[in-house]
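Q: Next up is a structure, given as structure tokens.
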Amino acid sequence: MENLAIDITEKRNVQLAIDQLNEEIQKHQKDDAYCRIHEMLVDMVTANPELAEKILGQKEVLKMSFEAVKSASMKNGGGISEKKGFEAILQKLRITGYEVVTKAFVQKAGATEPEAPAAKRKQYVNLDDLL
């Protein structure tokens, strides 16, 4: 029987990167911008495990990312789209060959907590059915 070895380094690095980001967000839990950046970076390393090393090689990744977004925003007269902000973060982290894809979702008016995006709820609507 052939002995198959499983390389767990990549999964371990993802978990270490998420742990690092979770530790960093503790100082900024009430800041929506930091929370959104945290969410984006966690999603990024979860979807692209090979990028975890880019997080692990940095100190204060959230602060550095926030400053990158702030700088890009100031260059644009004080505001930028979420996509442009995340592109500034990728540039600051020296991540190339990837593009930022953001997903918007709609929730009921007056909802206190954002509902999970449709993809996470596993409910899909065919736009052709609405037409």
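My numbering numbers the first residue of the sequence shown as 27 and each following residue consecutively.
Heads up, the beta-carbon is just placed ideally off N, CA and C, and yes, glycines get one too.
Being a predicted model, the structure only gives us computed values, none of them experimental.
(1) On the DSSP letters alone, give me the boundaries of the alpha helix (DSSP H) that ARG120 sits inside.
(2) How long is the line joining the alpha carbons of ILE121 and GLU36, rounded to whole angstroms?
(3) At the level of alpha carbons, what is the spacing between VAL40 and LEU82?
(4) Checking 7 angstroms against the spacing of the C-beta atoms, do VAL169 and ALA43 come in under that value?
(5) Which of the three DSSP states is assigned to THR35 in this structure?
(6) Give me, in chain order, the residues of the same chain whose beta-carbon lies closer than 8 angstroms to that of VAL87; leave out the 5 immediate sequence neighbours on both sides.
(7) Determine the burial state of GLU113: buried for a count of at least 16 other Cβ atoms within 10 Å of its Cβ, exposed for fewer.
(8) Specify the secondary structure class of THR128 as computed by DSSP and reduced to three states.
(9) Between the alpha carbons of ASN168 and LEU116, how many angstroms are there, rounded?
(10) By a C-beta neighbour count over all protein chains shown, 10 Å radius and 16 as the cutoff for buried, is GLY111 buried or exposed?
(11) Measuring only the C-alpha atoms, how far is MET90 from SER97?
A: Quick look at the numbers:
(1) Premise fails: ARG120 is in no alpha helix (DSSP H) and is neither H nor E.
(2) 17 angstroms
(3) 9 angstroms
(4) The chain is shown from 27 up to 157; residue 169 falls before or after that span and cannot be answered.
(5) helix
(6) Taken in chain order, the residues that qualify are GLN46, LEU47, GLU50, LEU67, ILE81, LEU119.
(7) Classification of GLU113: buried, given that the 10 Å Cβ count is 16 or more.
(8) coil
(9) Any property of residue 168 remains undetermined from this structure, which presents the chain solely from 27 to 157.
(10) buried
(11) 10 angstroms
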